[in-house]
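Undergrad: This is the structure I want to talk about, given as structure tokens.
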Amino acid sequence: MSIEGGVLHVVATPIGNLGDLSPRAVQVLAGVDLIAAEDTRHTAGLLAHCGVQTPRVSLHEHNEDRQVPALIQRLIQGESLALVSDAGTPLISDPGFRLVAAARAAGIRVVPIPGPAALIAALSASGLPSDRFWFEGFLPARAQARRHRLEALAAVSGTLILYESSHRIQGSLEDMAQTLGGERRAVVARELTKTFEQIQGGRLDDLCVWLSSDPNHTRGEFVVLVTGAPDAPGEALTAEARRVLALCLAQMPVKQAAKLASQITGAPKNDLYQQALALKGKA
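Now the structure itself:
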């Protein structure tokens with residue numbers, strides 16, 4: 002595989018199982034002039050597994066501002082670079098945003114090398130709605146700030162996806178149950194693709210109990226998924242269904258109006274009934 006000069010490759014690496022590193026990723030890591038790694042020592046183990054000896058430079062949250070100008074200059078001069086994080090897809094709750102943004106601003110081609118991402122792996126196996134989701138990443142470490150952020154997320158209708166560490170998972174899950182509602186369905190995914198992988202589902206209240214029932218349940222790296230807020234009455238109705246319902250309500254009682262509007266538009270009668278009640282209440 003020929004590696005084009007002056008190109009930045011954003012390379013996804015395994016989140017646990019080394020078998021998830023794609024052949025294309027190995028070819029790119031072996032062929033570029035330099036690898037920018039979140040932790041060069043951690044990446045050294047992955048490269049040794051693949052037999053890759055490409056030079057590495059450190060790029061993490063504490064030095065990214067300092068490192069980016071020199072890396073951009075190397076790209077401008079025609080070198081090829083690969084960006085990797087310790088695990089998963091770079092920039093997803095990991096460093097790399099400043100480098101990618103600067104590269105694009107400088108007209109440098111940025112090529113994604115897709116692969117593992119913990120949030121997508123967890124969502125695909127969760128059994129929770131996946132048509133819409135909100136990735137929040139890590140919540141604030143302090144309890145009060147964490148609860149405030151959860152309050153802001155309470156009305157999000159898509160599935161919430163959050164990352165959490167082992168020493169904060171119990172407190173975070175309890176705050177979710179208190180703030181979002183203990184009855185909400187959720188999934189705790191622990192140590193994905195690793196030996197002790199667990200994917201546990203249930204109500205938030207029940208998951209808090211499950212988590213505290215065994216010390217092993219709080220070990221490792223976590224993805225937490227929570228079903229989104231239920232739609233408000235009538236929120237899912239089309240504009241046409243609302244229009245027809247309003248016309249019917251002007252001529253007949255709520256129950257009959259909902260039934261007729263459902264027959265005309267095909268919208269769920271119960272949704273129309275709830276919306277009719279809401280409209281009558283406002284009137």
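Every number in this note's numbering is 1 more than the matching position in the sequence shown, counting from 1. The C-beta atom is built at its ideal place from N, Cα and C for all residues, glycine as well.
Considering Cα atoms alone, identify which of Pro254, Val8 and Gly267 is closest to Ala103.
TA: The candidate whose alpha carbon is nearest that of Ala103 is Val8.
Undergrad: In whole angstroms, what is the alpha-carbon distance linking Ser166 and Pro141?
TA: Ser166 and Pro141: Cα-Cα distance of roughly 11 Å.
Undergrad: In its own chain, which residues sit with a C-beta less than 6 Å from the C-beta of Ile73, not counting the 5 before and 5 after it?
TA: Cβ neighbours of Ile73 beyond the five flanking positions: Ala103 and Ala107.
Undergrad: Report yes or no: do the segment 216-235 and the segment 153-166 share at least 3 C-beta pairs separated by less than 8 Å?
TA: At 8 Å Cβ cutoff, the stretches touch.
Undergrad: May I ask you to list the residues that DSSP assigns as paired with Phe136?
TA: Phe136 pairs with Ile162.
Undergrad: Within 10 Å of its beta-carbon, does Asp215 have 16 or more other beta-carbons around it, so buried, or fewer, so exposed?
TA: That one is exposed.
Undergrad: Report, in whole angstroms, the separation of the C-beta atoms of Ala40 and Asp87, which I expect to be a contact under 8 Å.
TA: In the sequence as presented, Ala is not what sits at residue 40; that position holds Asp. Asp40 to Asp87, Cβ: 5 Å. Contact.
Undergrad: Given a cut-off of 9 Å, decide if Leu205 and Arg191 are closer than it, judged by their beta-carbon atoms.
TA: Going by C-beta atoms, Arg191 is not nearer than 9 Å to Leu205.
Undergrad: Alpha carbon to alpha carbon, what distance is there between Met177 and Val210?
TA: Val210 and Met177: Cα-Cα distance of roughly 13 Å.
Undergrad: Look at the alpha carbon of Thr160 and the alpha carbon of Thr228, and state the distance between them as a whole number of angstroms.
TA: Cα to Cα, the separation comes out at about 5 Å.
Undergrad: Which residues in the same chain have their Cβ closer than 6 Å to the Cβ of Ser23, if we skip the five residues on either side of it in sequence?
TA: For Ser23, where only same-chain residues beyond five positions count, the Cβ hits under 6 Å are Gly116.
Undergrad: For the segment 254-265 against the segment 273-280, do three or more pairs of beta-carbon atoms, one drawn from each stretch, fall closer than 8 Å, so that the two count as touching?
TA: Enough Cβ pairs lie closer than 8 Å, so yes.
Undergrad: From what residue to what residue does the alpha helix (DSSP H) around Ser59 run?
TA: Ser59 -> not in any alpha helix (DSSP H); beta strand (DSSP E) instead, spanning Arg57 to Ser59.
Undergrad: Classify Gly46 as helix, strand or coil using the three-state DSSP reduction.
TA: Correct three-state label for Gly46: helix.
Undergrad: Under 9 Å, do Val189 and Leu212 count as touching if we go by C-beta distance?
TA: Yes, these two residues count as a Cβ contact at 9 Å.
Undergrad: Following the continuous beta strand (DSSP E) through Ile200, name the residue where it begins and the one where it ends.
TA: Note, Ile200: beta strand (DSSP E), Gln199 to Arg204.
Undergrad: Determine, using beta carbons only, whether Leu76 and Arg57 come nearer to each other than 9 Å.
TA: No.
Undergrad: Assign Gly32 to one of three DSSP states: helix, strand, or coil.
TA: Here Gly32 sits in helix by DSSP.
Undergrad: For Ser59, which residues of its own chain have a beta-carbon under 7 Å away from its beta-carbon, when the five flanking residues on both sides are left out?
TA: So the qualifying residues of the chain are Ala38 and Thr41.
Undergrad: What's the gap between the Cα of Arg133 and the Cα of Ala126?
TA: Whole-angstrom Cα-Cα distance: 15 Å.
Undergrad: When we look at the beta-carbon of Gly46 and count the other beta-carbons within 10 Å, is it buried (16 or more) or exposed?
TA: Exposed, since its Cβ has fewer than 16 Cβ neighbours within 10 Å.
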